[in-house]
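Q:
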Ligand code: COS
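In my numbering, the protein residues as written are 51 to 445.
Below, the structure written as structure tokens:
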């Protein structure tokens, strides 16, 4: 059982400890029977339905549309992701994507769009996806090339490709970012809700990765969508994407934190039971040094993740800097913590299916998706320089 003392930090209210305990008890009782890592599509469908039935997906929708909070309680999202990730990466994935794939609708949708898409996602009856990245536009998201061309007054045609789309192939809708023809840069981008059965939308490739989950390359071939699929105003798409990532980047850090806590717990259990040189391995100073570094890294990550979540929940509407720091540090430190756990396990640590081996594969993508560590550095540096310039201008 992971250390829960962090729940008494001032970032939290009593309801957060209750929420975490509920998610934890549910995951312990249900996740093992829901997850089959050889059938990720089937597992994710079952997980989404079960998370919906248990009421946890209500955390991704506003109260008015079948959810729990005014918009988001990022601390609750982070606690759910941390806890689910502690149990299983796919359980976390299923929860997280329902949030990311509806974030732009919650942030910028009309009442009609929200009423149509959010309640079924919160009940676990529809699966959501977020389609921003392209073969030639990953970190440089404003360079995306997919076009949305007017087709009469009431329709648009999408043309282009999206890649690394989580839930690609099983989603019921995709939030797709596309630009006006001939436009350039961030200002030309708009966001659209595209139903999975839209004519001209094709799953061009299913992608297998080291920690498998539903993932695809999408192709839009004169894909015809209603003009009413637009989210927000034309040209708002890039800002909608960034505002969505401001919420969900902290939660990626939380998932990494869950993986790291699990690795630390596994390492402690191993080190205290494994005999070496006539004593428990945990008696060896070198093992103790590793455990000390791991425990400290876990707390550093937790402090940054929950600082970002708490700030977003009540202090500041925009947490670009805090979320970027939380995501960068939590994913990087989790990689280090898990690597140390593998080392403590010795040969067993790289045996397929052993928990620390699974964590070793699961953590890697988190340092890349939703803004690679390198992007987070760009974001943090810009925010730091912007703040310094504003201070200088104010005299
Ligand atoms: N919230 C709201 N608006 C934002 C914002 C945020 N967090 N970040 C930027 N914007 C706005 C800016 O204010 C700017 O608007 P104005 O022109 O009106 O001032 C506009 O968006 C463009 O911003 P910027 O000039 O910073 O855009 P860049 O192309 O330079 O952005 C980064 C660069 C690296 C920050 C961006 O491309 C990025 O985050 N890339 C990573 C994308 C990603 O996470 N991909 C993974 C996909 S999801 S798996």
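Idealized CB from N, CA, C, for every residue including glycine. Please read these numbers as outputs of a predicted model, since none were measured by experiment.
(1) If the criterion is Cβ atoms closer than 9 Å, does the pair residue 111 and residue 118 meet it?
(2) Buried or exposed for residue 434, please, with buried defined as at least 16 other CB atoms from any protein chain shown within 10 angstroms of its CB.
(3) Could you have a look at residue 372 and say whether DSSP puts it in helix, strand or coil?
(4) Rounded to a whole number of angstroms, what is the C-alpha to C-alpha distance between residue 304 and residue 60?
(5) Tell me residue 269's beta-bridge partners as DSSP assigns them.
(6) Can you give the Cα-Cα distance for residue 170 and residue 328, rounded to whole angstroms?
(7) Report yes if the C-beta of residue 218 is less than 8 Å from at least one heavy atom of the ligand COS; otherwise report no.
(8) Residue 229 and residue 244 look like a contact to me (Cβ under 8 Å); what is the Cβ gap, rounded to whole Å?
(9) I'd like the list of long-range same chain contacts for residue 368, defined as Cβ closer than 7 Å, with 5 residues on each side in sequence excluded.
(10) Could you spell out where the alpha helix (DSSP H) holding residue 229 opens and where it closes?
(11) Pairs of beta-carbons, one from the segment 189-197 and one from the segment 244-257, closer than 8 Å: are there three or more?
(12) I'd like the list of long-range same chain contacts for residue 236, defined as Cβ closer than 6 Å, with 5 residues on each side in sequence excluded.
(13) Can you check whether the CB of residue 375 is closer than 9 Å to the CB of residue 458?
(14) Are residue 225 and residue 208 close, meaning C-beta to C-beta below 9 Å?
(15) Excluding the five sequence neighbours on either side, which residues of its own chain have a C-beta within less than 6 Å of the C-beta of residue 173, listed in chain order?
(16) Cβ of residue 257 versus every heavy atom of the ligand COS: is any distance shorter than 8 Å?
(17) Who are the near neighbours of residue 302 in its chain, counting only those whose CB is closer than 7 Å to its CB and skipping five residues on each side?
(18) So, helix, strand or coil for residue 385, using DSSP?
(19) Is the Cβ-Cβ distance between residue 183 and residue 213 less than 9 Å?
(20) Starting from residue 181, follow the beta strand (DSSP E) in both directions and report where the run begins and ends.
A: This is what the structure holds:
(1) For the purposes of this step, residue 111 is taken as the residue at position 61 of the chain shown. For the purposes of this step, residue 118 is taken as the residue at position 68 of the chain shown. In contact: residue 111 and residue 118 (Cβ atoms closer than 9 Å).
(2) As a first step, residue 434 must be located in the chain shown, where it is residue number 384. So residue 434 ends up on the exposed side.
(3) Position 322 of the chain shown, counted from the start, is the residue given in the question as residue 372. Looking at residue 372 - three-state DSSP - the assignment turns out to be helix.
(4) On the chain shown, position 254 is the one that residue 304 refers to. On the chain shown, position 10 is the one that residue 60 refers to. Spanning the two alpha carbons is a distance of roughly 17 Å.
(5) Numbered from 1 along the chain shown, position 219 holds the residue referred to as residue 269. Paired residue(s): 211, 252.
(6) The count along the chain shown starts at 1 and reaches residue 170 at position 120. The count along the chain shown starts at 1 and reaches residue 328 at position 278. Cα to Cα, residue 170 sits roughly 58 Å from residue 328.
(7) Residue 218 sits at position 168 when you count from the first residue of the chain shown. Answer for residue 218: no, Cβ out of range of the ligand COS.
(8) Along the chain shown, read from residue 1 onward, the residue named residue 229 stands at position 179. Along the chain shown, read from residue 1 onward, the residue named residue 244 stands at position 194. Not really, about 15 Å apart at Cβ, beyond 8 Å.
(9) On the chain shown, residue 368 is found 318 positions in, with the first residue counted as 1. 296, listed in sequence order.
(10) Along the chain shown, one-based indexing puts residue 229 at 179. Unbroken run through residue 229 is the beta strand (DSSP E), 223-229; no alpha helix (DSSP H).
(11) no
(12) Reading the chain shown from its first residue, position 186 is the one you call residue 236. Here the set comprises 192, 288.
(13) Shown here, the chain extends from 51 to 445; a query on residue 458 therefore has no answer.
(14) For the purposes of this step, residue 225 is taken as the residue at position 175 of the chain shown. For the purposes of this step, residue 208 is taken as the residue at position 158 of the chain shown. No.
(15) Taking the first residue of the chain shown as position 1, residue 173 is located at position 123. Closer than 6 Å at the Cβ level, and outside the excluded window around residue 173, lie 102.
(16) Working through the chain shown from its first residue, we reach residue 257 at position 207. No, the ligand COS has no heavy atom inside 8 Å of this Cβ.
(17) On the chain shown, residue 302 is found 252 positions in, with the first residue counted as 1. Same-chain partners within the cutoff: 377, 381, 416, 420.
(18) Residue numbering aside, residue 385 sits at position 335 when the chain shown is read from its first letter. Looking at residue 385 - three-state DSSP - the assignment turns out to be helix.
(19) In the chain shown, residue 183 corresponds to position 133, counting from 1. In the chain shown, residue 213 corresponds to position 163, counting from 1. Yes. Within cutoff.
(20) Position 131 of the chain shown, counted from the first residue, corresponds to residue 181. Unbroken beta strand (DSSP E) run through residue 181: 178-181.
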